[in-house]
Amino acid sequence: MSRSSVLLTLAAAATLLGACEAQIEAPLDRGVCYAVGSGADGKIKFNVVARDQPNIEHCAAQLEGMRLRFLRMGGQTREISGAYQGSFIFLRSEGIFRSQTWEGNQYLMLVRSGDGRLVIPGAVQQQ
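Numbering (my numbering), first residue to last: 383 to 509.
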C-alpha cells in the first residue's frame with residue numbers, strides 16, 4: 383500500500399469517526415429561552431433564561447439583556463450563545479445569528495444599529 387493511499391484511508395476514517403460523534407442538540411421546550419454555557423465537566427449546559435417567550439426574537443432580546451447586565455457588573459464576555467425551540471442563537475458584535483446546529487451555518491437575524499440597538503437587517507439606511 384502506498385503512502386498516499388494510507389493517508390487517504392486515515393483521512394477517511396477520521397471523517398467517519400467525526401460523523402459518529404454525538405451532535406449537540408438544542409432543547410425543543412416550547413417557549414423556553416436558554417443560555418448555552420459549559421459545565422464543570424466541560425460539557426455543554428443549557429440554563430433557562432426566560433419562559434413563555436413567543437418567538438426566537440424575544441429570546442434573543444432576553445439573552446442580549448442578560449449579556450448587558452453581566453457587562454455592567456464587570457463581566458468581560460461580549461459574545462454569548464443561546465437556544466430556543468431547537469435552534470441556536472449566537473450574539474456577536476455585528477448582531478445576532480441563528481443556526482439549526484451548533485457547528486452549522488449561521489444566518490443573520492438582527493443587526494446592531496449605530497447606537498447599539500438590535501434591528502431587522504435592512505431597517506437601517508446606509509448613507
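Beta carbons are placed, not taken as given, at the ideal position from N, Cα and C, and that holds for glycine.
Residue i in three-state terms, based on DSSP
i, result
"Arg494", "strand"
"Leu410", "coil"
"Thr454", "Per the sequence shown, residue 454 should be read as Arg rather than Thr. In this structure, Arg454 counts as helix in the three-state DSSP scheme."
"Gly419", "strand"
"Ala432", "strand"
"Ile471", "strand"
"Ala465", "strand"
"Ile438", "helix"
"Gly477", "strand"
"Ile502", "coil"
"Tyr489", "strand"
Beta-carbon spacing of residue i, residue j below 8 Å
i, j, result
"Ser481", "Gln488", "yes"
"Leu473", "Leu453", "no"
"Ala442", "Leu492", "yes"
Top-ranked residue by Cα proximity to residue i, from the options
i, options, result
"Ala432", "Glu485, Gln405 and Ala465", "Ala465"
"Val501", "Phe428, Ile478, Cys415 and Ile406", "Ile478"
"Cys415", "Asp497, Thr459, Lys427 and Gly457", "Lys427"
"Arg460", "Thr483, Gly498, Ile406 and Gln435", "Gly498"
"His440", "Asp423, Gly424, Ile471 and Ala408", "Ile471"
"Glu407", "Arg451, Leu490, Glu485 and Gly504", "Glu485"
Anticipated Cβ contact below 8 Å, residue i with residue j, distance rounded
i, j, result
"Ala417", "Met448", "6 Å"
"Ser469", "Ile438", "6 Å"
"Asn429", "Gly419", "6 Å"
"Thr483", "Gln405", "7 Å"
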